[in-house]
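Engineer: In terms of the working numbering, the sequence shown opens at residue 7 and continues consecutively.
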Amino acid sequence: MAKNTNIRISLPAVCFVWQIAMIILFGVFVRYNEESDTRWIEHRRRKNISTNLENDFYYRYPSFQDVHVMIFVGFGFLMTFLKRYSFGGVGFNFLIAAFGIQWALLMQGWFHYLDDDGKIKIGVENLINADFCVAGCLIAYGACLGKVSPVQLMVLTLFGVTLFAVEEYIILELLHAKDPGGSMVIHTFGAYYGLTISWVLYRPMLSQSKHLQGSVYHSDVFAMIGTLFLWMYWPSFNSAIADHGDGQHRAVINTYLALAASVLTTFAISSISQKHGKLDMVHIQNATLAGGVAMGTASEFMITPYGSLIVGFCSSIISTFGYIFLTPFMEKTLKIQDTCGIHNLHAMPGVIGGIVGAITAASASESVYGQEGLINTFDFKEAVANRTANIQGGYQAAGLFVAIAFGLVGGALVGGILKLPIWGDPADANCFDDEVYWEVPEDEDENMLSSHPNMNHARGMPDA
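Structure representation (structure tokens):
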């Protein structure tokens, strides 16, 4: 059935209206915090701070840079693997991330940073948290890549950021669970949110565009660029909002080791599983990152260096086998069309990360952490000052269930909204094709043939 994919009115209307709404809401609610305001000088004097280097900017900005690159370059280029959907992969990633960070600053601000005067005070840490929030929506986009319109993606992001802010508040503030790298809050939620939306939007005739669902040589190379950016900067992702000092330092080490183990393990499993031992680029682009996802929750815990290697080893095995066996099973049996395989890269490693965090927290002791270290690592202060490590492990597990529940229920509700026939989504035969929403230049081969007619003969083709 033919569909109207003309977004000349709907996309500009959504972008203009929502951007104007952001301007109004920022004008009403958002202000600089003490460390980004011109009154920083007075604040320094009151707090006896001797140098500007104590400003949080100097602690957080290097990590913010890395996380920002991951969001816009890493995720964007990772989605360029489809042979005819590179514009949509990196371009729509750019669009929804730029909208999402604005909405995230507001939603997270209302839940976490609202002052007594009703204002949201923002600094560089807020920017990092906004990027984290958007990451959940980009993960969800991966399940729907090539099958939805940009207007649908804006709606997905609007509700995704809202749901993220609520589940993050429940997990981090009400349950007091620890999740600095977002195995639960970001990856598990984002993956199940996207997978459920994809299930609701199931296309029984998607085989009509099967010829566009694969990659070509150069598209896989571009996607590998995204993988390398993500892999290099993932230690910053997992440590960006960890406690200054030993917690942040430990998070970098743990993530670094888990990622390294993931690479060797993925290459091994990919070679074993393929005929003649050849490597599958899908595995290398994705499962090599599983260690970073799985290390997110426990990144600043005393999991030990060899424990980090074990996490990377196990998560990449499960991720690689997921691409081999689970992805086709989910599409055929569960009716979930997961374009990017986010179930294997984010959902399963995210759940592993939540479980590792719960076990590691429950087994924490003063003999390993020290008395002050145990209190500081798990924030056993104020309302949870009397919480024990065993109880903390239980709350960590509860946080994992909250993330899954929000992803499943939220995805079902938002999927129902996106299923309405008003969003300009492509027909089954036109999925995974940039020409539906982008001005696409002619293929290089076509240009060469049109400018050099005699090349037909040289290629073994009959002359016109």
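Ideal placement from N, C-alpha and C gives every residue a C-beta, glycine not left out.
Is G313 closer than 7 Å to N244 when the C-beta atoms are compared?
Structural biologist: Indexing the sequence shown from 1 puts residue 244 at position 238. Indexing the sequence shown from 1 puts residue 313 at position 307. Their beta carbons are not under 7 Å apart, which means N244 does not touch G313 by this criterion.
Engineer: Rounded to whole angstroms, what is the Cα-Cα separation between F327 and I55?
Structural biologist: Your numbering for residue 327 matches position 321 in the sequence shown. Your numbering for residue 55 matches position 49 in the sequence shown. Going from the Cα of F327 to the Cα of I55 covers about 53 Å.
Engineer: Could you tell me which residues DSSP pairs with K127 in its beta bridges?
Structural biologist: Counted from its first residue, the sequence shown places residue 127 at position 121. DSSP lists R37 as partners of K127.
Engineer: In whole angstroms, give me the CA-to-CA distance for R209 and N292.
Structural biologist: Here residue 209 is taken as the residue at index 203 of the sequence shown, counted from 1. Here residue 292 is taken as the residue at index 286 of the sequence shown, counted from 1. Going from the Cα of R209 to the Cα of N292 covers about 25 Å.
Engineer: Rounded to whole angstroms, what is the Cα-Cα separation between I15 and M238?
Structural biologist: On the sequence shown, position 9 is the one that residue 15 refers to. On the sequence shown, position 232 is the one that residue 238 refers to. Those two C-alpha atoms are separated by around 40 Å.
Engineer: Helix, strand or coil for P68, going by three-state DSSP, please let me know.
Structural biologist: Locating residue 68 in the sequence shown gives position 62, where the first residue counts as 1. Note: P68 maps to helix in three-state DSSP.
Engineer: Going by alpha carbons, who is nearest to V36 out of G421, H118, L212 and V442?
Structural biologist: For this step, residue 36 is matched to residue 30 along the sequence shown. Taking only the C-alpha atoms, the option nearest V36 is H118.
Engineer: At 4 residues or longer, and completely inside the region 262–306: list those alpha helix (DSSP H) runs for me, N to C.
Structural biologist: The qualifying runs are 287–292 and 296–300.
Engineer: Express the C-alpha separation of F98 and L159 in angstroms, rounding to a whole number.
Structural biologist: Here the question's residue 159 lines up with position 153 in the sequence shown. Here the question's residue 98 lines up with position 92 in the sequence shown. Using only the alpha carbons, I get a separation of about 8 Å.
Engineer: Check the C-beta distance from S321 over to I358 and give it rounded, since I have them as a contact under 8 Å.
Structural biologist: Position 315 of the sequence shown, counting from 1, holds the residue named residue 321. Position 352 of the sequence shown, counting from 1, holds the residue named residue 358. Sure, about 5 Å apart at Cβ, within 8 Å.
Engineer: Where does M336 land, buried or exposed, given buried means 16+ other C-beta within 10 angstroms?
Structural biologist: Residue numbering aside, residue 336 sits at position 330 when the sequence shown is read from its first letter. It is buried - the Cβ of M336 has at least 16 other Cβ atoms within 10 Å.
Engineer: Since D344 and L169 are thought to touch, with beta carbons under 8 Å apart, how far apart are those beta carbons, to the nearest angstrom?
Structural biologist: Residue 344 sits at position 338 when you count from the first residue of the sequence shown. Residue 169 sits at position 163 when you count from the first residue of the sequence shown. Between L169 and D344 the Cβ distance is about 19 Å, and since that is not below 8 Å, they are no contact.
Engineer: On the CB-based measure, 16 or more other CB atoms within 10 Å of its CB, does S213 come out buried or exposed?
Structural biologist: Within the sequence shown, residue 213 is the residue found at index 207, counting from 1. Label assigned to S213: exposed.
Engineer: If G298 and G82 are in contact, beta carbons under 8 Å, what's the gap, nearest whole angstrom?
Structural biologist: Here residue 298 is taken as the residue at index 292 of the sequence shown, counted from 1. Here residue 82 is taken as the residue at index 76 of the sequence shown, counted from 1. Contact flag wrong, Cβ pair sits at about 17 Å.
Engineer: In whole angstroms, what separates the C-alpha of M211 from that of D434?
Structural biologist: As a working mapping, residue 211 is identified with position 205 in the sequence shown. As a working mapping, residue 434 is identified with position 428 in the sequence shown. One C-alpha to the other measures close to 6 Å.
Engineer: Less than 7 Å between the beta carbons of G220 and A146, yes or no?
Structural biologist: Taking the first residue of the sequence shown as 1, we reach residue 220 at position 214. Taking the first residue of the sequence shown as 1, we reach residue 146 at position 140. Not in contact: G220 and A146 (Cβ atoms no closer than 7 Å).
Engineer: Do S42 and G129 have their C-beta atoms within less than 7 Å of each other?
Structural biologist: The residue you call residue 42 lines up with position 36 of the sequence shown. The residue you call residue 129 lines up with position 123 of the sequence shown. Cβ atoms of S42 and G129: closer than 7 Å.
Engineer: Name, in chain order, the residues that DSSP records as bridge partners for L31.
Structural biologist: On the sequence shown, position 25 is the one that residue 31 refers to. Looking at the DSSP assignment, L31 forms no beta bridge with any residue, so it has no partner.
Engineer: Taking one C-beta from the region 400–413 and one from the region 433–447 each time, how about it: are there three or more such pairs within less than 8 Å?
Structural biologist: Counting Cβ pairs under 8 Å, fewer than three are found: no touch.
Engineer: Mapping DSSP to helix, strand and coil, what is L426?
Structural biologist: Against the sequence shown, residue 426 aligns to sequence position 420. If DSSP states are grouped into helix, strand and coil, L426 belongs with coil.
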